[in-house]
Amino acid sequence: MSGDSILTRHEYEQLLEPHTKELSDAARWIAETGQRLIVIFEGRDTAGKGGSIDMIARNLNPRQCHVAALPAPSPREQGQWYFQRYTQHFPSKGEITLFDRSWYNRAGVEKVMGYCTPQEAEAFLQQVPEFEKHLVEDGFLIYKYWLCCDQQQQEERFKARLENPRRRWKLSPVDIDSRTRYQAYTEARERMLEATHKPWAPWTLVDFNDQHVGRLTLLRDLLDRLPDTQLPYPAIDWPPLATKPLKEQFDVLKPIPNMQVD
1 MSGDSILTRH EYEQLLEPHT KELSDAARWI AETGQRLIVI FEGRDTAGKG GSIDMIARNL
61 NPRQCHVAAL PAPSPREQGQ WYFQRYTQHF PSKGEITLFD RSWYNRAGVE KVMGYCTPQE
121 AEAFLQQVPE FEKHLVEDGF LIYKYWLCCD QQQQEERFKA RLENPRRRWK LSPVDIDSRT
181 RYQAYTEARE RMLEATHKPW APWTLVDFND QHVGRLTLLR DLLDRLPDTQ LPYPAIDWPP
241 LATKPLKEQF DVLKPIPNMQ VD
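The end of the sequence shown is residue 262 by the UniProt record's numbering, with every number in the run present.
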């Protein structure tokens, strides 16, 4: 996690723990009642989308919770209906999909970086409210989050990626170019909100200048938007073992030696 926070790591983990219990209850409610949950994470580069998604996904069953982080469209996908490659990742009953960026790429990076025409971007903004309305009417739960950070914070996080070999993979040529387009992204976001903030699929903006606080704020808001999800746990018969617990036995191969730990 990049940048300073008013919370220490220990304080953050303590505050997060009860929320993850609620999250587990919510996931169980979604599974047992056959809900289909879509959560969209949008925002500037470095805002904290990946870390927020990981905060949720690592506490859930990977068979139920899926992360969709799509690469640039292939030539074949460029010839499809724009929404088509996203709908392939929609959840089935009892499942959750977390979109690390989404169809809103067209209103953001594609528009700002010139990957689509102004006419295509505007047509998208006219189409997406109806697209999402149909999804909600079909029973999907859709929550859309925009993660906000000031340019100073963005610069510090870019620098942290540049100087950390383990995080260099997060940098791309697009990042270098997008640094000069902070205001253009602001204008694109405002136009997007104006066109697509609808009662059936509203946007929620979260301040991520402090990523610890931002993650907790987002998770709390998501949990508050879901119904009362605590279901009783069925009793499970758990008889004792018939014998003493056994130790591992090896004939063909043995485990490699343990690493020496001081």
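By construction, the Cβ of each residue, glycine as well, lies at the ideal position given by its N, Cα and C atoms.
Enclosing beta strand (DSSP E) for residue i [first to last residue]
i, result
"Arg36", "Arg36 to Gly43"
"Ala68", "Cys65 to Ala68"
"residue 265", "Any question about residue 265 goes unanswered here, given that the chain covers just 1 to 262."
According to DSSP, residues forming a beta bridge with residue i
i, result
"Trp103", "None, per the DSSP bridge assignment."
Expected contact under 8 Å - CB spacing of residue i and residue j to nearest Å
i, j, result
"Arg181", "Val112", "5 Å"
"Trp146", "Leu205", "5 Å"
"Arg191", "Leu125", "7 Å"
"Trp29", "Thr229", "4 Å"
"Ala68", "Phe41", "Their Cβ separation, rounded to whole angstroms, is 10 Å, which puts Ala68 and Phe41 out of contact at 8 Å."
"Cys149", "Ala31", "That pair is no contact at about 34 Å."
"Ile38", "Phe90", "7 Å"
"Trp103", "Tyr86", "5 Å"
"Asp25", "Ser178", "That pair is no contact at about 39 Å."
"Arg106", "Glu95", "The pair is not a contact, with the Cβ atoms about 25 Å apart (cut-off 8 Å)."
Residue span of the alpha helix (DSSP H) that contains residue i, given as start and end
i, result
"His212", "Gln211 to Arg225"
"Ala26", "Arg9 to Thr33"
"Thr186", "Tyr182 to Thr196"
"Trp87", "Rather than Trp, the amino acid found at residue 87 in this sequence is Thr. Run containing Thr87: Gln84 to Thr87, per the alpha helix (DSSP H) assignment."
"Asp177", "Pro173 to Ser178"
"Asp54", "Lys49 to Ala57"
"Glu248", "Neither: Glu248 is in no alpha helix (DSSP H) and is coded neither H nor E."
"Gln78", "Pro75 to Gln78"
Any contact between the stretch 224-232 and the stretch 53-69? By contact I mean 3 or more CB pairs, one from each, below 8 Å. no
Go through the stretch 91-171 residue by residue and report every complete run of the beta strand (DSSP E) that reaches 3 residues or more, in order. 95-100 and 140-148
Segment contact, 8 Å Cβ cut-off, at least three pairs: the stretch 162-171 with the stretch 192-201: no
For the pair the stretch 62-76 and the stretch 8-20, tell me if three or more CB-CB distances fall below 8 Å. no
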